[in-house]
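Throughout the sequence shown, residue numbering follows this note's numbering, covering -12 to 409 in sequence. Below: one structure, written as structure tokens.
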Amino acid sequence: MQIVKPNTKFPFIPNQKPFLIASTVAVLLSLLAPFIIAPNLGTSFKGGTSIILHFEGDVSSEEVRNAFTRHADFSDVSVQGFGVAGSNSYMVKTSNTTPITCAELGTLETALPAGLEKAGFAGATLDLWPQCEGEGVRGDFSIRFTATTETVADPTLREPGSVTLDKASGITVDSVQTVIKAEGFDALVSFDPRTRKFAVRPVGLQSEVTAILAAAFPDRFDAENGLDEIVTVGADVGEKFRNDGIVSILFALGLILLYIAIRFDIRYAPGAVIALIHDVTITFGVITVAGMELTLETVAALLAIVGYSLNDTIVNFDRIRENVSSGSKEPLPEIVNRSINECLSRTILTSMTTVIAVLPLVFISTGVIHDFAITLVVGICVGTYSSVFVASPAMLWMDKWLEKRKARLLAKRKLEGAEVTT
């Protein structure tokens, strides 16, 4: 069975205007959507706590929600089923994180340098410390030590000399964590060598959640094994994730622009990037309007869409280049339209196959996998559309602009040559 018969002659390019208007409207509405409908930022981006738990007996999501909302610290709670139906597993999300009061934070700020000095890291002073306002600091926070130096004699040199030591560079994760725990704070510490920052993640919330569930469901919740996962992200770390996600997408678009310019011709590159921006923007708009949660998995789906859409566009561009190089005397718009028709069957079948493979996840999965699948389906459909109705027309615009620019330069040179002759 042939879904698309060969040698089709659909007038895509001659009838491009209505589709370009529709695309422009869709992109503008997608850009306006976040200002009208607040995006549903996930825990990874706005900070908060995500808890995955299970019960030994039947418990409804409403019962779980009520158990948490009885406590003032958990007034903002969402509960949704997790895993296979009937498994009594739930994902609980709350904006609450482990709090450290301003008084406790001040004590720790004084104790940390002193404790590190006792551990052999004398002279290291704090360069970065979180500001404390209101009820305190919730979730992860970052600290950094000043790279203080000291010049000492170098015994390895035959002649008198010295070497400069960075006294902060030797501070280890274990030493920082040991000092923090010695002050009565239960926290995990990690280190980022690029920024020289230590990330401090308080873990005290786990005991509070366990106590709440054990009291509310004494016969149905296992206090030792009932919590499958608990992840807390502070506001500053969430902001970093959000910024990194945006940078990753922009970085991908920039590299694609460079690749297309090298692989094909400069006239092809802007069309490919415009199509990708079109795809990502409209998909983001759909996510916002549908109220889907924006998570790191969503960023991964958007990056997958960028790659998939680019693949369709490159196939069309490659056929256009082949037909242009064949020496055909047809006008470029006609060559482009014929090339799109020649690739149409491949474009539709490839996209349809991928959508069919992903669709089951839309109907049977839950949580982030469900949102990931929906994002992919929307992005693949929009990407297939843009490879025909956005990328190719944009390439034609770029070609016209370059030809006009070339004509202007030639006219300018002729004029300058005539002036020199006279």
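For each residue, glycine too, the CB sits at the ideal point set by N, CA and C.
- The alpha-carbon separation between methionine 339 and isoleucine 361 amounts to approximately 15 Å.
- In its chain, beyond the 5 residues on either side, Leu16, Ser17 and Ala20 have a beta carbon closer than 7 Å to the beta carbon of glycine 272.
- Per DSSP, the beta-bridge partners of tyrosine 77 are Leu40 and Gly68.
- For phenylalanine 6, the enclosing alpha helix (DSSP H) begins and ends at 3 to 23.
- Contact annotation: serine 76 and isoleucine 39 have beta-carbon atoms nearer than 8 Å.
- For valine 176, the enclosing beta strand (DSSP E) stretches over residues 174 to 179.
- As computed with DSSP, phenylalanine 228 is found in no beta bridge at all.
- When secondary structure is reduced to three states using DSSP, aspartate 114 falls in the strand class.
- Per the C-alpha coordinates, the member of Ile247, Ile367, Asp266 and Ser65 positioned closest to isoleucine 236 is Asp266.
- Shortest Cα-Cα distance from glutamate 91 to any of Leu103, Gln118 and Thr36 involves Gln118.
- Counted as a single uninterrupted DSSP element, the alpha helix (DSSP H) harbouring phenylalanine 32 occupies residues 30 to 33.
- Assignment of isoleucine 87 by DSSP, reduced to helix, strand and coil, places it in the strand class.
- The stretch 291 to 307 makes contact with the stretch 374 to 386; the number of CB pairs closer than 8 Å reaches 3 or more.
- Around glycine 102, the same chain offers Val166 and Ala169 as residues with beta carbons nearer than 7 Å, after the five sequence neighbours per side are excluded.
- Burial state of valine 364 is buried, judged by a 10 Å Cβ sphere holding 16 or more other Cβ atoms.
- Using a C-beta cut-off of 8 Å, the stretch 273 to 283 makes contact with the stretch 27 to 42, since at least three inter-stretch Cβ pairs fall below that distance.
- Under the three-state reduction of DSSP output, alanine 210 falls in the coil class, being neither helix nor strand.
- The alpha-carbon separation between tyrosine 255 and alanine 248 amounts to approximately 7 Å.
- DSSP places proline 257 outside any beta strand (DSSP E); the residue lies instead in the alpha helix (DSSP H), whose first and last residues are 256 to 277.
- For leucine 346 and lysine 399, the gap between their C-alpha atoms comes out near 57 Å.
- The Cβ atoms of asparagine 324 and proline -2 sit closer than 8 Å to each other.
- Secondary structure of serine 82 (DSSP, three-state): coil.
- The beta carbons of alanine 262 and serine 296 sit about 6 Å from each other, so the pair counts as a contact at 8 Å.
- At least 8 Å separates the beta-carbon of threonine 81 from that of valine 218.
- Straight through space, the alpha carbons of phenylalanine 350 and methionine 78 are spaced by roughly 19 Å.
- For valine 163, the secondary structure class from DSSP, reduced to helix, strand or coil, is helix.
- Valine 355 and tyrosine 246 have their C-alpha atoms roughly 32 Å apart.
- Cβ-Cβ distances below 8 Å link leucine 7 to Phe376, Val377 and Pro380 in the same chain, with the five nearest sequence neighbours on each side left out; the list follows chain order.
- The beta carbon of threonine 268 sits closer than 7 Å to the beta carbons of Val14, Ser17 and Leu18 from its chain, once the five residues preceding and following it are set aside; these are given in chain order.
- In its chain, beyond the 5 residues on either side, Leu289, Ile292, Thr362, Val365, Gly366 and Val369 have a beta carbon closer than 7 Å to the beta carbon of threonine 270.
- The three-state reading of DSSP puts arginine 183 in coil, since its state is none of H, G, I, E or B.
- For phenylalanine 251, there is no enclosing alpha helix (DSSP H), as DSSP marks it with neither H nor E.
- Beta-carbon to beta-carbon, valine 302 and isoleucine 24 are separated by about 35 Å, too far to satisfy the 8 Å threshold.
- When secondary structure is reduced to three states using DSSP, aspartate 63 falls in the coil class, being assigned neither helix nor strand.
- Contact between phenylalanine 132 and threonine 112 holds, with the beta-carbon distance rounding to 7 Å and staying under 8 Å.
- Assigned with DSSP and collapsed to three states, valine 377 falls in coil, not helix or strand.
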